[in-house]
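Novice: Once you've had a glance at the structure underneath, I'll fire off some questions.
In my numbering, the protein residues as written are 948 to 1188.
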């Protein structure tokens, strides 16, 4: 009976064990919660950085969009202006084509537009004897009449270009070693006539020879033997002291 009483009087360890387990579990939960909080906070910071980056990209994209819209607007204006100018050039070319056809004949002349220039194409037979750089009387009369028209077109320079076919120069072209010389002599003959007879200002006139190297046709050599009168926008040249 004495041993039984002693056993019943010993303090039980169970409550302390339970308390320890509860405290340990609480500490574990607290640690887990803290780590979870830190993880969530880190993810939030990353999300904020990504959002800031996206906002920056959106802002840059918006600026690019506005810049492109501005460029597109200017391009549309330029296209509209170019269409108006080309339409004006085409009308001017059509008028010159009619006048040129009346002077030298429609079968011996043509007019075309290239960029800002109008090109009067006159076949060799309307101006020169074949293989020579001497103007025929018909050629002189035609250039005199044409020169009066070009004289009034003061906003354009007049560049005369000599073209030949690919046949070597013949005995009739004595003094011309190659077609370059023949084309150059013909172009200069037209320039001199425009200046001396029509009175076109010398600063508006120039000549050049392409010889046989800029043909219009591979089969019809008569189209290649020609004088091109290029009416280009007047160039502005500043004279330096």
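No residue lacks a Cβ here, since even glycine has one placed at the ideal position from N, Cα and C.
In terms of DSSP beta bridges, what is residue 1107 paired with?
Specialist: Translated into the one-based positions of the chain shown, residue 1107 becomes position 160. Paired residue(s): 1154, 1176.
Novice: Whole angstroms is fine: what's the gap from residue 1124's alpha carbon to residue 1166's?
Specialist: By one-based count along the chain shown, residue 1124 stands at place 177. By one-based count along the chain shown, residue 1166 stands at place 219. Cα-Cα distance, rounded: 24 angstroms.
Novice: So, are the CB atoms of residue 1174 and residue 1068 less than 9 angstroms apart?
Specialist: Counted from its first residue, the chain shown places residue 1174 at position 227. Counted from its first residue, the chain shown places residue 1068 at position 121. Yes, the Cβ-Cβ distance between residue 1174 and residue 1068 is below 9 angstroms.
Novice: Determine the closest residue to residue 1044 out of 1143, 1032, 1164, 1057, with distance taken between C-alpha atoms.
Specialist: As a first step, residue 1044 must be located in the chain shown, where it is residue number 97. Ranking the options by Cα distance to residue 1044, first place goes to 1057.
Novice: Taking residue 1179 and residue 1103 to be in contact with their CB atoms under 8 angstroms, please state how far apart those CB atoms are, rounded to whole angstroms.
Specialist: What you label residue 1179 is simply residue 232 of the chain shown in a count that begins at 1. What you label residue 1103 is simply residue 156 of the chain shown in a count that begins at 1. The pair is a contact, with the Cβ atoms about 6 angstroms apart (cut-off 8 angstroms).
Novice: Jot down the residue ranges of each uninterrupted alpha helix (DSSP H) in the region 1001-1047, minimum 4 residues, whole runs only, in chain order.
Specialist: List check, alpha helix (DSSP H) in window: nothing returned.
Novice: Quick one: using the 10 Å Cβ neighbour count with 16 as the cut-off for buried, is residue 1032 buried or exposed?
Specialist: What you label residue 1032 is simply residue 85 of the chain shown in a count that begins at 1. Counting Cβ neighbours within 10 Å, residue 1032 comes out exposed, since fewer than 16 surround it.
Novice: Measure the C-alpha to C-alpha separation of residue 1002 and residue 995 and round it to an integer number of angstroms.
Specialist: Along the chain shown, read from residue 1 onward, the residue named residue 1002 stands at position 55. Along the chain shown, read from residue 1 onward, the residue named residue 995 stands at position 48. Each residue's alpha carbon lies about 10 angstroms from the other.
Novice: Can you tell me whether residue 1077 is buried or exposed? The criterion is at least 16 other CB atoms within 10 Å of its CB, across all chains shown.
Specialist: As a working mapping, residue 1077 is identified with position 130 in the chain shown. Per the 10 Å Cβ criterion, exposed.
Novice: Alpha helix (DSSP H) containing residue 1097: first to last residue?
Specialist: Taking the first residue of the chain shown as 1, we reach residue 1097 at position 150. Run containing residue 1097: 1084-1098, per the alpha helix (DSSP H) assignment.
Novice: For residue 1080, collect the residues of the same chain with a Cβ closer than 7 angstroms to its Cβ; drop the 5 residues on either side in sequence, then sort them by chain order.
Specialist: Position 133 of the chain shown, counted from the start, is the residue given in the question as residue 1080. Taken in chain order, the residues that qualify are 1129, 1132, 1133, 1136.
Novice: With DSSP run on the structure shown, which of helix, strand or coil describes residue 1147?
Specialist: Here the question's residue 1147 lines up with position 200 in the chain shown. Residue 1147: coil per DSSP, three-state reduction.
Novice: Checking 9 angstroms against the spacing of the C-beta atoms, do residue 1106 and residue 1153 come in under that value?
Specialist: By 1-based counting over the chain shown, the position of residue 1106 is 159. By 1-based counting over the chain shown, the position of residue 1153 is 206. It is a contact, given that the beta carbons lie within the stated cut-off.
Novice: What span of residues does the beta strand (DSSP E) with residue 1181 cover, start to end?
Specialist: Along the chain shown, read from residue 1 onward, the residue named residue 1181 stands at position 234. Unbroken run through residue 1181: none, as it is neither H nor E.
Novice: Starting from residue 1068, follow its DSSP beta bridges and name the residues at the other end.
Specialist: Walking along the chain shown from the start, residue 1068 turns up at place 121. 1057, 1175.
Novice: As a quick exercise: from 1029, 1065, 1112, pick the residue whose alpha carbon is nearest that of residue 1170.
Specialist: Residue numbering aside, residue 1170 sits at position 223 when the chain shown is read from its first letter. It is 1112 whose Cα lies nearest to the Cα of residue 1170.
Novice: What are the boundary residues of the alpha helix (DSSP H) that includes residue 1128?
Specialist: Sequence index remark: in the chain shown, residue 1128 carries index 181 (1-based). Element bounds for residue 1128: 1126-1140.
Novice: Counting C-beta neighbours from all protein chains within 10 Å, is the total for residue 1126 16 or more, i.e. buried, or is it exposed?
Specialist: Position 179 of the chain shown holds residue 1126. The residue in question, residue 1126, is buried, as its Cβ has 16 or more Cβ neighbours within 10 Å.
Novice: Should residue 1008 be labelled buried (16 or more other beta-carbon atoms within 10 Å of its own) or exposed?
Specialist: Mapped onto the chain shown, residue 1008 falls at position 61. Burial call: exposed.
Novice: Taking only the alpha-carbon atoms, compute the straight-line gap between residue 1086 and residue 1054 and give it to the nearest angstrom.
Specialist: On the chain shown, position 139 is the one that residue 1086 refers to. On the chain shown, position 107 is the one that residue 1054 refers to. Answer to the nearest angstrom: the Cα atoms are 15 angstroms apart.
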